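Chains as they are written, first to last, in my numbering: chain U, 241 to 911; chain P, 2 to 660.
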């Protein structure tokens with residue numbers, strides 16, 4: 241657990257320094273992310289048996305014994321005066337170190353490990369402290385502006401919340417216990433969303449002294465909501481908690497000065513972390529022998545812990561095997577101006593990285609999530625195709641590149657498949673089409689023995705090399721490339737002149753070329769070899785009269801270039817979104833490792849009940865049920881809260897972030 | 002003669018005389034006359050005929066053909082009355098299967114027995130069974146063009162060679178054909194049929210530029226529409242369409258919707274499809290651009306080379322291995338693969354390198370520097386060059402990583418110029434570098450290395466050696482000319498025939514060969530079947546692919562226009578300019594009718610769009626059948642066990658007996 245928390249520390253530090261509004265949903269996201277990881281590490285019944293994990297899984301990325309340290313975008317961070325990336329990377333290195341030592345000491349040498357863990361912690365303390373002080377200053381300024389409106393606006397939901405609070409209080413017990421461990425980590429590092437919510441609490445508290453106590457309830461409620469969900473989605477974790485933390489105390493702590501509760505949690509955190517190890521190693525082998533083959537819910541705490549340990553060893557061993565694989569530390573920018581640092585290995589496709597990001601940021605599953613490469617120097621961008629290898633593409637960037645990788649929803653990505661009639665028929669105007677016919681059309685185009693490239697042709701503007709002048713030419717798209725009709729010739733195949741073949745180039749959207757290159761319109765597309773990063777005569781600029789033509793060309797070129805692969809990508813993405821459709825299934829997908837993959841809240845609670853029963857039989861079924869209801873109510877209220885909060889932020893609010901699911905990244909392992 | 006009455010006592014039973022011509026008795030022989038009554042069954046008539054002929058032979062394939070009505074009397078239990086047959090009827094007692102001369106898609110002639118009594122749809126199915134072509138529904142028969150062909154019959158014209166004869170072949174009764182010695186069993190009867198199978202399954206390599214030049218080439222859409230007037234109707238028999246015994250017919254893929262091409266089962270089908278595609282490209286029936294033509298040429302060259310080296314039974318052996326054989330060879334491959342991987346491991350430490358003194362030229366603005374000698378080291382995917390060999394331990398003048406770069410040959414054999422042009426991408430753009438080699442051998446080694454490196458592979462790759470050989474053999478093509486200076490055409494023989502006449506004229510062989518060579522590097526690693534499939538796919542992705550043209554007159558329009566029929570849409574095309582005016586897709590089609598009286602096809606699409614036209618260049622039944630045929634083909638299911646719904650086909654294409 242140590243390395244997790246350590247990494248989280250830095251991750252959070254980075255978050256914090258981003259000075260972005262620390263929303264509860266981020267915190268929630270963070271927890272879910274962590275939950276993912278923990279449940280994953282728990283889900284094997286036979287811990288000693290090596291199980292092959294997909295590289296997609298998070299653990300595989302937690303630490304690496306050999307990876308390529310990447311400078312990409314790091315300079316950028318440094319320029320902004322952020323040392324956080326270095327911290328994050330430091331944490332990665334530390335975790336690697338730890339894993340190494342944990343392997344080395346797997347026989348019984350727990351003492352070394354513990355020490356190492358503590359050392360790391362100590363090493364991480366200073367930045368944390370610094371950041372927390374930083375944070376408090378933000379707190380001060382922000383409280384004066386946007387947050388003031390919050391309590392009153394959120395009022396309408398409070399009745400519901402308070403009504404549900406009592407019902408839920410019993411089950412909160414569990415949640416609190418759970419939260420202690422999860423919760424504590426962020427707090428101990430004095431950063432993170434948790435602190436953010438805490439900040440809200442204290443803010444509100446100031447006001448509550450003067451007039452009402454409602455605002456503090458709001459905060460507490462929303463925190464509890466998170467706790468609750470946290471609990472709900474992480475039933476298997478319960479047995480890992482080493483000490484019972486009465487719920488009352490926890491809730492009360494919300495109302496208390498925040499420093500105190502922080503300290504308190506801080507303390508329990510230490511305990512939680514250290515206790516398992518203190519006796520795990522002694523008995524590991526014995527326990528492991530005992531638990532082999534036992535269903536997970538029948539295991540005692542010790543056995544569970546032993547299993548966890550064994551699992552970690554196993555994971556570490558896998559890492560050694562994986563050591564050959566190169567890793568790249570990348571920085572992904574979110575649509576809300578925050579950014580995440582994560583590690584990708586060279587085998588990962590864009591699809592896998594996207595899945596990872598969607599899982600981690602709880603932004604909802606949508607086909608449109610894309611990784612976009614922006615080349616600021618050339619003012620162009622491209623949506624990576626799902627099948628592409630991310631690392632390969634990023635290696636084309638130069639060392640001092642200003643390029644960015646953005647995780648954002650883009651409807652253009654798969655618009656081609658949602659409304660194929662607008663792209664494949666070569667018509668000038670948009671039209672509607674029955675779904676059945678769309679399917680037929682797609683089948684026709686992509687499922688034959690060869691892909692039919694849409695017949696796209698028309699006048700486009702071509703930029704002269706090295707000049708800011710544009711000439712009209714009649715261009716045609718064929719499977720073999722882009723052609724144009726030379727002056728004075730007819731539009732027959734034999735007279736066409738090849739403008740470009742598509743094997744070696746990618747197609748990019750040009751941005752604001754009206755200013756940059758005096759383009760006739762802003763609907764520009766660019767064709768260039770992916771390795772070219774600076775102005776060059778080998779970059780071809782084309783300009784369309786309208787946005788529709790632009791999209792037709794870009795999609796046509798994509799079809800000509802990638803062929804059926806595009807359709808395969810789409811279907812895969814579709815499968816992915818269908819299997820994890822919305823909030824509820826999001827949490828169920830986290831549980832999935834337990835065995836249930838249902839997306840119904842009902843079955844979820846059943847499931848959590850089952851797995852809980854072995855450990856804490858005292859918990860009545862009814863509570864689990866009510867819990868899920870409560871949580872859904874909370875999340876509703878909280879959603880509204882966030883929305884209001886977002887909308888109240890005058891300057892920073894972006895339309896995309898005003899949604900329920902704010903893209904954020906609780907990616908603990910690598911940040 | 003008919004209706005004559007004699008004075009015999011049989012007068013009362015209303016009998017009459019039926020005259021039947023029997024070809025086997027000789028052309029001058031008088032027709033047989035039989036005395037029959039209206040209630041005699043056809044079977045009975047045939048028995049009488051056989052009795053009368055007194056020739057001992059197998060008559061089982063014979064049936065009665067009613068000349069005036071163009072009708073086969075195949076229902077032996079029907080009476081003459083039921084057929085409405087009377088004494089004035091002229092009947093022929095003739096075999097239902099007769100030989101025809103078929104020109105295959107590869108323009109070779111073959112003699113086969115075809116059913117003259119069944120609808121052409123079935124006759125084609127029968128022929129395709131003999132030829133081992135699956136999915137016969139995609140093919141059909143055309144009449145051979147008449148005069149044009151004869152005019153051009155000077156010099157070597159394809160289709161005039163000796164026919165391959167498959168008319169004697171007896172198909173096994175079972176539907177499942179057992180492969181024998183790598184080919185369908187019925188081909189292995191005699192050396193002649195084996196040769197025939199080779200002709201079917203291996204593309205012909207003896208093509209010369211004249212062959213291509215002699216073939217009639219359609220020059221515009223109207224000419225392209227001509228061929229479509231010759232299709233035979235699928236729902237009527239050959240006999241009904243006045244096809245005579247031994248007449249020449251063309252067998253072609255008619256519907257451009259190739260279902261489930263499977264290299265394992267479709268050896269002949271893929272070869273013939275490739276041939277049809279090749280001819281469509283060479284004769285510019287399907288137009289292509291220069292770049293596309295070069296790819297087609299490179300593929301043809303590659304296929305030819307592989308076909309030449311294929312020994313007669315080998316390609317077949319490749320395809321039709323039975324289970325044990327394939328299992329054994331798989332095992333062998335696995336074993337070999339095992340050793341090769343261990344070799345690879347050893348080789349990991351020693352990736353082959355190339356080190357040579359080469360002349361390097363880097364074109365830059367405002368410099369006139371020529372090639373300069375450097376010590377060049379090619380390691381993994383990078384080329385580093387040094388001022389001299391001695392300095393190779395220090396820093397190179399420059400290092401180029403070739404991964405993702407473009408490699409362009411710049412070769413002139415007669416000028417002894419062997420250059421490799423490299424376009425190496427870098428953040429600043431592409432940097433151009435020329436490497437000049439001394440001779441072919443050196444060139445081939447470096448070129449192969451560059452090509453692999455461009456794909457991110459090193460010279461340790463197993464394909465390196467074959468790549469070197471490929472390059473060398475292609476260079477041989479160009480070297481042919483100095484060896485045979487007497488024949489200036491010899492060089493042309495090398496590559497000229499690979500492109501259509503237009504490009505033969507446009508480029509000198511000297512220009513053409515390097516361009517084909519350049520395109521060839523992308524296909525050089527393909528196997529024979531893969532190359533054919535690639536060719537077919539490239540053909541399919543041409544914009545003009547799969548469109549059958551008809552000259553039509555739209556209702557309400559005064560001028561002739563072109564109707565293009567493709568597998569998913571109808572296209573209205575301006576006859577003069579060739580521009581697409583309008584496209585209708587079958588998926589929007591509600592219904593279509595033919596008014597046989599005024600010979601007009603009327604089609605109704607969604608949203609009450611109605612289109613009506615009459616066909617000018619071809620019979621309206623041909624247009625009708627084309628559209629119906631595509632709709633029929635789109636109903637094919639992927640369930641391979643299912644046979645075809647023949648009834649549906651006739652329903653969609655037949656147009657009933659209105660004709």
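Virtual Cβ for every residue (Gly too), placed ideally from N, Cα, C. A quick note: this is a predicted structure, and the numbers were derived from the prediction, not measured.
- The C-beta of residue 286/P comes no closer than 8 Å to any C-beta of chain U.
- Per DSSP, reduced to three states, the secondary structure at residue 398/P is coil, with no helix or strand assignment.
- If you draw a straight line from the Cα of residue 738/U to the Cα of residue 220/P, it is about 23 Å long.
- Less than 8 Å separates the beta-carbon of residue 113/P from that of residue 100/P.
- Beta-carbon to beta-carbon, residue 239/P and residue 126/P are separated by about 13 Å, too far to satisfy the 8 Å threshold.
- Shown here for residue 792/U: same chain residues with a beta carbon closer than 7 Å to its own, the five before and five after excluded, namely 663, 696 in chain order.
- For residue 592/U, there is no enclosing beta strand (DSSP E); the residue is found in the alpha helix (DSSP H) stretching over 590-601.
- Shown here, residue 734/U sits in a helix according to DSSP, grouped into three states.
- With contacts defined by Cβ atoms closer than 8 Å, residue 619/P and residue 230/P form a contacting pair.
- Contact residues of the segment 743-754 of chain U toward chain P are 744 (C-beta to C-beta distance below 7 Å).
- When the beta-carbon positions are compared, residue 82/P and residue 39/P come within less than 8 Å of each other.
- Every alpha helix (DSSP H) stretch that sits fully inside the segment 617-692 of chain U and reaches 4 residues is listed by chain position as 630-634, 652-658, 661-664, 675-686.
- The beta carbon of residue 671/U does not come within 8 Å of any beta carbon belonging to chain P, so the residue lies off that interface.
- In the DSSP assignment, residue 19/P forms a beta bridge with 35/P.
- Here the alpha carbon of residue 579/U sits roughly 19 Å from the alpha carbon of residue 585/U.
- Residue pairing of residue 249/P in beta bridges, as defined by DSSP: 102/P.
- Looking at the DSSP output, residue 374/P shares a beta bridge with 360/P.
- Within the segment 644-677 of chain U, the residues whose Cβ lies closer than 7 Å to any Cβ of chain P are, in chain order, 677.
- For residue 593/U, the closest C-alpha among the options 639/U, 687/U, 647/U, 553/U is that of 647/U.
- The closest CA to that of residue 736/U, considering only 650/P, 392/P, 290/P, is found on 290/P.
- For residue 746/U, the enclosing beta strand (DSSP E) begins and ends at 746-750.
- Within its own chain, the residues whose Cβ lies closer than 6 Å to the Cβ of residue 241/P, once the five positions on either side in sequence are excluded, are 71, listed in chain order.
- Look at residue 40/P here: in three-state DSSP terms it is coil, with no helix or strand label.
- Going by DSSP, residue 295/P is part of the alpha helix (DSSP H) stretching over 291-310.
- In the structure shown, residue 354/P adopts coil according to DSSP, grouped into three states.
- Between the segment 268-278 of chain P and the segment 494-509 of chain P there are fewer than three C-beta pairs closer than 8 Å, too few to call the two in contact.
- 8 Å or more divides the Cβ of residue 305/P from the Cβ of residue 102/P.
- With respect to the 8 Å criterion, residue 93/P and residue 119/P are not classified as neighbours on the basis of their beta carbons.
- Taking a beta-carbon distance threshold of 8 Å, residue 780/U does not count as an interface residue toward chain P.
- DSSP places residue 586/P in no alpha helix (DSSP H) but in the uninterrupted beta strand (DSSP E) bounded by 581-586.
- Residue pairing by DSSP puts residue 567/U in a beta bridge opposite 585/U.
- Cβ-Cβ distances below 7 Å link residue 585/P to 570, 571, 606, 612 in the same chain, with the five nearest sequence neighbours on each side left out; the list follows chain order.
- The beta carbon of residue 294/P sits closer than 8 Å to those of 282, 500, 501, 504, all from its chain and outside the five residues before and after it, given in chain order.
- For residue 372/P, the closest of 419/P, 356/P, 390/P by C-alpha to C-alpha distance is 419/P.
- Excluding its 5 nearest sequence neighbours in each direction, residue 357/P has C-beta neighbours in its own chain below 7 Å: 377, 443, listed in chain order.
- By the Cβ-count criterion, residue 587/U is exposed, with fewer than 16 other Cβ atoms from all chains shown falling within 10 Å of its own Cβ.
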